[in-house]
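Once you know that position 56 of the sequence shown is 56 in this note's numbering, the rest is easy, because the numbers rise by one and skip nothing. What follows is a set of notes on a single structure, which appears directly below.
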Amino acid sequence: MLSSQESGHAYGIGIITIIIGISVSIFYYQAVYLPESIAKPSVDEHILHPVQETIIKMISGSANPDQQDNFVPKLVNIQLGIDNHIIWDNVDDTPHTVTPDEEVRDSYSGKFGSVGVIMPGEKYEFIFTEAHEFEYHCEPHPWMRGTLIITKQRF
Ligand SMILES: [Cu+2]
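Spelled out as structure tokens, the structure:
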């Protein structure tokens with residue numbers, strides 16, 4: 001049996017442990033979690049709401065490796081504030097993906113690339129807010145390849 005002094009001591013340590021735990025949680029929430037969740041950079045309205053959409057179609061027959069065209073158009077030049085809202089439209093009857101060859105991250109829109117497949121008739125869209133240049137492909141049909149070059153407005 002613990003004497004009442006010892007059990008009081010153990011009780012005290014328990015309370016202190018709980019207080020430290022709560023303090024650490026609050027510190028983590030305020031110093032780490034909150035800043036990350038609200039850290040989206042401020043982006044010009046013209047870039048968030050460009051005047052044009054860029055549509056890239058995944059055309060019929062893309063699942064055939066002998067067909068030359070799949071992502072149409074294949075090479076796209078984009079200007080921020082003009083047409084940087086990009087929509088991949090699957091007009092084929094096969095599911096496809098939009099997957100960058102190497103990880104691409106936009107500091108406003110986050111990680112680029114479709115999550116899972118884009119079913120026939122569905123779309124994947126992304127708004128780029130920074131200059132990027134990269135190649136992408138379709139995961140199940142690696143011969144489907146495209147290139148995006150996103151630049152700042154030239155005036
Ligand atoms: Cu595909």
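The beta carbon of each residue, even a glycine, is placed where N, CA and C say it ideally should be.
- DSSP places Glu53 in the uninterrupted beta strand (DSSP E) bounded by 53–58.
- With contacts defined as CB atoms closer than 7 Å, Tyr136 and Pro95 fail to qualify as a contacting pair.
- Nearest C-alpha to Phe134 among Gln30, Glu103, Ser114: Glu103.
- In this structure, DSSP gives Thr97 a state outside helix and strand, which the three-state scheme calls coil.
- Per DSSP, reduced to three states, the secondary structure at Gly110 is strand.
- Each residue's CA atom was taken as its position, placing Ile47 and Ser114 some 21 Å apart.
- With a cutoff of 7 Å on beta-carbon distance, Pro50 and Ile82 are scored as near each other.
- Val32 sits exposed, since fewer than 16 C-beta atoms from the chains shown fall within 10 Å of its C-beta.
- Beta-bridge pairing by DSSP links Asp89 to Lys57, Lys123.
- Annotation for Leu148: no alpha helix (DSSP H) segment contains it, though the beta strand (DSSP E) segment containing it runs 145–151.
- Glu45 and Ala10 have their C-alpha atoms spaced approximately 59 Å apart.
- For Leu75, the enclosing beta strand (DSSP E) has its first and last residue at 75–79.
- Taking the Cβ of Met144 as the reference point, at least one heavy atom of ligand 1 falls within a distance shorter than 6 Å.
- Here the C-alpha atom of Pro73 lies approximately 18 Å from the C-alpha atom of Ile127.
- Contact annotation: Thr129 and Ile86 have beta-carbon atoms that are not nearer than 7 Å.
- Here DSSP, grouped into helix, strand and coil, assigns Val43 to coil.
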